[in-house]
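Residue numbers (our numbering), protein chains in the order written: chain A, 171 to 373; chain B, 925 to 1422.
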Amino acid sequence: MTALPFSHLNLRRNPFGELTAVERTALALVESGDALRHLALPRSVVQVIGEKGFGKTTHLLALAAHFADNAYIHIPEGQRAAIPETGEPLLIDEAQRLTLAQRWQTFRSDRRLILGTHTDFESVLRRAGRPILTIAANQFTNELRVHTLLNARIQSARRDDGPIPSITLSTASKLLAQFGSDIRSMEHSMYDTFQQLRNIQDV
Amino acid sequence: MSKCDLRIEFDRKDRRFIGGETVTGRVYIRVNESVRSSGITLTHQWRTHGRGNVASGTKETIELESARSYSPGEEHELSFSVLSPSHPVTYHGTMINVDHYVSVQMNVPWAFNPKAEEDYVLVPGEPPAHFVGSRNEIIALTPAAGTSSIVGKVVLGVIVAVLLLVVAAFALFLLPVILLIAGFIWFRRKALAGRLGEVKLSIPHVVVAPGEQWTARIQFQPRKQFRINSIGFTLLGKESATSGSGTKAKTHTHKILEQKLVVRANDMLTAGEPVSEEFTFAFPPTDAFSLELSDNKVQWTATVRIDIPAFPDWSKTQPIQVVPESFLRNLTDAPLITSADRDASLPGTPNTSLAPPVTASESLESDDEESPESVAQEISSNLLQLVATLNAAPRHGNARGDMISHAADQILDAAILIDRVTSLMGAPVKDPRYEYGKSVTGTIDGTDQAIQVITLESQNNEIDDLRRGDIWQTQIMLIDWDSLYNRINARQIDENAG
């Protein structure tokens, strides 16, 4: 007989499954203060740099939530994306995939920009006369942040009042040692753990 | 503390509803602070969760209560009813889950909206309205997306034309590589055809329900003498969930089930001697019905492979659509699971045409005293008469199937001219006595009528001694009519029971 999913853990789902953009934004643990202050400047640019899985997209989505008129574009690999003509600030995820013409046009425009990128555009943007703030996506990734992030994921899947499983600091520390700043790989690892979990317990 | 607390309760404690049924429940509201609401809305939707990107169905929204003010301490109760969809049904796998949700939200201007959400379990019921057609082809369960505009089609056409031109230009440079690959494929086909001749693979249907008997047949006439490692069949069910997009895209797969059956192993095939093998098995009981969403898929395939040592293998993979049994209702071209098939799984006594029908409780009582086959029954020897009547009935339509169904309660004496004996992979009838039995195919002696008899595991030694051309005397009960092979399906009766 089909039961309610993960009710044995007092959860509604595996907390480490994929989330929608809205859910991910709600759970983002991002220090946005400096970026928001910087974006108050005209023609300002914030670039979030980091490797795959470090949380660049999460940073961008968290910053986007502060601007009702923002425009967001993700450039898939091997594809050329059209840059939205309206909306500010303009958020470009995977900005290293902009074509040269798009870079020239976008970087020299007056629109405020938030870039998620593997490539550092600081010098190019400075030459274009842009005030720039560079944020490393993993700059605050430590044992405590991993512990908080993962437990927030579990909390968001809570079914009812009462106990739910939790991640210990020791596990957070081990995950950090194993995966570095790659939060996505940590989540994938925890997905498998929770798929096997039979009782409410510390993990 | 929020301005008010919302809670959803379904009218059924177990939260189980059948596809197409009305889902009913109540929303309880407890007000903590004065609040002005611009309305309370309820939404109803299915969503996936798991490793793949979240997919969801159409959101149905209804207004439960219009704008009004609430005072602290007030408690309200609102009833709701929504119509459940027929597809997709609730599924809890490893990488993919499908669940149905009812959410309620109080809309408070310029403030946080109190909300609540609960899931319920949707079990198979009514087939989707658009799930009609033939069981011989896969039918889309997810309705097609809206048609694109003419402008969109023109733009797409131009893009495709440009891409084709670019590919054509590159093809000139890549011509040697393309020719090499094409040559390899041609050589492989030619080499296989040179050994195997034309290989015919017959399958009964591709839309299948769990528990259903399924038979595939492979036939060919080797052109040369050669050795084979095996002729085998693999049934594979897997989940495939894709997360992210672009470089972040990652597809996670999980094998739900893999069953392999080898019907011939380490054998020498002789030139000119026809090879005809059958793979018969009961489709496994599963709730992993086929699911085809962009990033979340549950897929089933059947692969037949002729493994030839030091030579390319011949193989063919057929996608299979697994659906709940109730979804077969509006489909045509193949018999449904017959009642005789299902009854065979019960421990109750077989019913003869002369005896009055027994109820389930009666048959269970009789189990305490006697085995099913020991109950006094008139043994009928009218199989030849039945065959004559079958042959007189039209081949197409339900007439032959109905005749078999009417005679399904009789025990019949049978003399069968043996064609082949194969091992079963799971029992075509849900009776453990047959689970590891054999499948005997041939013709009813003195006629051209094909028959397949599944045999008791306890009789395996005797059955293994049978050879092509032997006449096998036994007692059988009919299961159903196989319209694809124009064949009677039957099961052996334990003559020594009781």
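Virtual Cβ for every residue (Gly too), placed ideally from N, Cα, C. Computed from a prediction, not measured in an experiment: that's the story for all the values here.
If the cut-off is 7 angstroms on Cβ atoms, which residues from the region 999–1033 of chain B count as contacting chain A, listed in chain order?
Residues of the region 999–1033 of chain B whose Cβ lies closer than 7 angstroms to any Cβ of chain A, in chain order: T1014, H1016, T1018, N1021, D1023.
Quick one: what does DSSP say A/T364 is sitting in, helix, strand or coil?
For this step, residue 364 of chain A is matched to residue 194 along the first sequence. The sequence shown places Phe at residue 364 of chain A, rather than the Thr named in the question. In the structure shown, A/F364 sits in a helix (DSSP, three-state: H, G or I).
Using the Cβ count rule (16 or more neighbours within 10 Å means buried), how would you classify B/G1135?
Stepping through the second sequence from its first residue, residue 1135 of chain B is reached at position 211. The residue is buried, with at least 16 neighbouring Cβ atoms inside 10 Å.
Answer with buried or exposed for A/H236, where buried requires no fewer than 16 other C-beta atoms within 10 angstroms of its C-beta.
Position 66 of the first sequence, counted from the first residue, corresponds to residue 236 of chain A. Label assigned to A/H236: exposed.
C-beta contact flag for B/H1024 and B/W970 at 8 angstroms:
Along the second sequence, one-based indexing puts residue 1024 of chain B at 100. Along the second sequence, one-based indexing puts residue 970 of chain B at 46. In this structure, the beta-carbon distance from B/H1024 to B/W970 falls below 8 angstroms.
Assuming A/D330 is part of the alpha helix (DSSP H), what are its boundary residues?
In the first sequence, counting from the first residue as 1, residue 330 of chain A sits at position 160. Neither: A/D330 is in no alpha helix (DSSP H) and is coded neither H nor E.
Interface positions of the region 306–340 of chain A facing chain B (Cβ-Cβ less than 7 angstroms), listed along the chain
Correct list: empty, as no residue qualifies.
Complete beta strand (DSSP E) runs within the region 200–283 of chain A (minimum length 3 residues, chain order):
Assignment of beta strand (DSSP E) within the region 200–283 of chain A, counting only whole runs of 3 or more residues, yields 215–219, 241–244, 260–263 in chain order.
With DSSP as the reference, label B/W1110 as helix, strand or coil.
Here residue 1110 of chain B corresponds to residue number 186 of the second sequence, with the count starting at 1. Of the three classes helix, strand and coil, the one that applies to B/W1110 here is helix, per DSSP.
Please say whether B/V1345 and B/I1423 have beta carbons closer to each other than 8 angstroms?
This structure cannot speak to residue 1423 of chain B, because chain B is shown only from 925 to 1422.
Identified DSSP bridge partners for B/H1176:
Here residue 1176 of chain B is taken as the residue at index 252 of the second sequence, counted from 1. BP columns for B/H1176 point to B/A1165.
Taking contact to mean at least 3 C-beta pairs separated by less than 8 angstroms, is the region 1208–1223 of chain B in contact with the region 1140–1149 of chain B?
The region 1208–1223 of chain B vs the region 1140–1149 of chain B: no contact.
Could you tell me whether any non-hydrogen atom of the ligand PLP is closer than 7 angstroms to the CB of B/A1414?
In terms of ligand content, the structure shown is empty, and the ligand PLP therefore cannot be addressed.
Nearest residue (CA-CA) to A/R207, options A/P301, A/L346, A/T318, A/I253
Position 37 of the first sequence holds residue 207 of chain A. Of the residues A/P301, A/L346, A/T318, A/I253, the one whose Cα lies closest to the Cα of A/R207 is A/P301.
When Cβ atoms are compared, which residues of the region 977–996 of chain B fall closer than 8 angstroms to chain A?
Residues of the region 977–996 of chain B with a C-beta atom less than 8 angstroms from some C-beta of chain A are N977, V978, listed in chain order.
Any beta carbon of chain A sitting closer than 8 angstroms to that of B/S1169?
Indexing the second sequence from 1 puts residue 1169 of chain B at position 245. At least one C-beta of chain A is nearer than 8 angstroms to the C-beta of B/S1169.
I need the boundaries of the beta strand (DSSP E) containing B/H1000, first residue and last residue.
Along the second sequence, one-based indexing puts residue 1000 of chain B at 76. Bounds of the beta strand (DSSP E) holding B/H1000 are 999–1007.
Below 8 angstroms, how does it come out for the region 1395–1403 of chain B and the region 1318–1335 of chain B: are there three or more Cβ pairs, yes or no?
At 8 angstroms Cβ cutoff, the stretches touch.
Quick one: which unbroken alpha helix (DSSP H) runs of 4-plus residues sit fully inside the region 1111–1145 of chain B? Chain order, please.
Listed in chain order, nothing qualifies, since the region 1111–1145 of chain B has no complete alpha helix (DSSP H) run of 4 or more residues.
On the criterion of 16 or more Cβ atoms from any shown chain inside 10 Å, does B/F1036 qualify as buried, or is it exposed?
Within the second sequence, numbered from 1, the residue matching residue 1036 of chain B stands at position 112. With fewer than 16 other Cβ atoms within 10 Å, it is exposed.
What would DSSP say about B/A1258, mapped onto helix, strand or coil?
Locating residue 1258 of chain B in the second sequence gives position 334, counting from the first residue. Only weak support is given to the placement of B/A1258: the predicted model assigns it a pLDDT of 48, under 50, and the value that follows is read from those uncertain coordinates. In the structure shown, B/A1258 sits in coil (DSSP, three-state: anything other than H, G, I, E or B).
Please give the ranges of any beta strand (DSSP E) in the region 972–1037 of chain B, keeping only runs that are unbroken, at least 3 residues long and fully inside the region.
Correct list: 984–989, 992–994, 999–1007, 1020–1030.
Can you say whether B/M1019 is buried or exposed, counting buried as having 16 or more other CB atoms within 10 angstroms of its CB?
Translated into positions along the second sequence, residue 1019 of chain B becomes position 95. B/M1019 is buried by the Cβ-count criterion.
For A/G220, which option in A/F291, A/D331, A/I334 has the closest C-alpha, if you only look at C-alpha atoms?
Position 50 of the first sequence, counting from 1, holds the residue named residue 220 of chain A. Checked all of A/F291, A/D331, A/I334; the closest Cα to A/G220 is A/F291.
Are the CB atoms of B/L1348 and B/T1158 nearer to each other than 8 angstroms?
Numbered from its first residue, the second sequence carries residue 1348 of chain B at position 424. Numbered from its first residue, the second sequence carries residue 1158 of chain B at position 234. No, Cβ-Cβ distance for B/L1348 and B/T1158 is not below 8 angstroms.
Verify the CB distance criterion: does B/D1043 have a CB-CB separation below 8 angstroms to chain A?
Residue 1043 of chain B sits at position 119 when you count from the first residue of the second sequence. Yes, B/D1043 counts as interfacial toward chain A.
Within 8 angstroms of any Cβ in chain B, is that where the Cβ of A/I262 sits?
For the purposes of this step, residue 262 of chain A is taken as the residue at position 92 of the first sequence. Chain B contact via Cβ: absent.
Give me whichever residues DSSP pairs with B/N1413 in a beta bridge.
Start at 1 with the first residue of the second sequence, and residue 1413 of chain B comes out as number 489. Beta-bridge pairing links B/N1413 to B/Q1376, B/D1404.
Would you please verify whether the beta carbon of B/K1179 is less than 8 angstroms from any beta carbon of chain A?
One-based indexing of the second sequence puts residue 1179 of chain B at position 255. Answer no: the Cβ-Cβ gap between B/K1179 and chain A never drops below 8 angstroms.
So is A/T190 in contact with chain B if we call contact Cβ pairs under 8 angstroms?
For the purposes of this step, residue 190 of chain A is taken as residue 20 along the first sequence, with counting starting at 1. Among the CB atoms of chain B, one or more fall inside 8 angstroms of the CB of A/T190.
Since B/S1027 and B/T967 should fall inside the 8 angstroms C-beta cutoff, what is the C-beta to C-beta distance between them, to a whole number of angstroms?
Position 103 of the second sequence holds residue 1027 of chain B. Position 43 of the second sequence holds residue 967 of chain B. Confirmed, Cβ separation roughly 5 angstroms.
Backbone CA spacing between A/L211 and A/Q272 [nearest angstrom]
Here residue 211 of chain A is taken as the residue at index 41 of the first sequence, counted from 1. Here residue 272 of chain A is taken as the residue at index 102 of the first sequence, counted from 1. C-alpha of A/L211 to C-alpha of A/Q272: approximately 23 angstroms in a straight line.
A/R182 at chain B interface by Cβ criterion, 8 angstroms:
For the purposes of this step, residue 182 of chain A is taken as the residue at position 12 of the first sequence. Taking 8 angstroms as the threshold, the shortest C-beta distance from A/R182 to chain B falls below it.
Residues within the region 211–232 of chain A neighbouring chain B, beta-carbon criterion of under 9 angstroms:
Taking 9 angstroms as the Cβ-Cβ cut-off against chain B, the residues of the region 211–232 of chain A that qualify are K222, G223, T227.
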